[in-house]
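Engineer: Under the numbering used here, the first residue of the sequence shown is numbered 1312, with each subsequent residue one higher. Note that the Cβ used here is the ideal one computed from N, Cα and C, for glycine as well. Sharing a structure with you now.
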Amino acid sequence: MEQRAVIKFNAKLGKNASETFRSMQQVYGCQCLGRTAVFEWHKRFLKGRETLEDNKNSGRPILVRTPEMIEKVRDFVANDRNASLKMMEEALNISRETIRTILDLGKTKVCAKFVPHT
């Protein structure tokens, strides 16, 4: 945040991004933002941006793994132990990977390795 304030200050003074980056390297040394980041923030401030914070990103929504959906998957398995992932996928309308995550089958991928028998 502090470095973004410096970039904003230099942009308002009329300095170009290269001058700003060089002066920041002298002051901050190895803690300085990267060249690309300085140039990007300088461009944003020249276009009229006023805030120093990042844009709010909603992130990846977790709409499927709700407590209700977890309960539905577990009930489905309790009622039909022979149910396949494909059957659950079609009935519950969620992806197979989500079902695997919810069930947490405890299976891991193991590489093939020759082991001598004793």
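If we ignore side chains and look at the alpha-carbon of each, how far apart do residue 1330 and residue 1367 end up?
Structural biologist: If you number the sequence shown from 1, residue 1330 lands on position 19. If you number the sequence shown from 1, residue 1367 lands on position 56. The straight-line gap from Cα to Cα measures roughly 29 angstroms.
Engineer: Residues in its own chain within less than 8 angstroms of residue 1411 by CB, not counting five upstream and five downstream?
Structural biologist: On the sequence shown, residue 1411 is found 100 positions in, with the first residue counted as 1. Closer than 8 angstroms at the Cβ level, and outside the excluded window around residue 1411, lie 1396.
Engineer: Give me the Cα-Cα distance between residue 1387 and residue 1380, rounded to the nearest whole angstrom.
Structural biologist: Residue 1387 sits at position 76 when you count from the first residue of the sequence shown. Residue 1380 sits at position 69 when you count from the first residue of the sequence shown. Each residue's alpha carbon lies about 10 angstroms from the other.
Engineer: Nearest-angstrom Cα distance between residue 1335 and residue 1347?
Structural biologist: Position 24 of the sequence shown holds residue 1335. Position 36 of the sequence shown holds residue 1347. Answer to the nearest angstrom: the Cα atoms are 13 angstroms apart.
Engineer: Thinking C-beta only, is residue 1353 closer than 7 angstroms to residue 1405?
Structural biologist: Within the sequence shown, the letter at position 94 stands for residue 1405. Within the sequence shown, the letter at position 42 stands for residue 1353. No, the Cβ-Cβ distance between residue 1405 and residue 1353 is not below 7 angstroms.
Engineer: Who are the near neighbours of residue 1376 in its chain, counting only those whose CB is closer than 8 angstroms to its CB and skipping five residues on each side?
Structural biologist: Position 65 of the sequence shown holds residue 1376. Excluding residues within five positions, the ones whose Cβ falls inside 8 angstroms are 1409, 1412, 1413.
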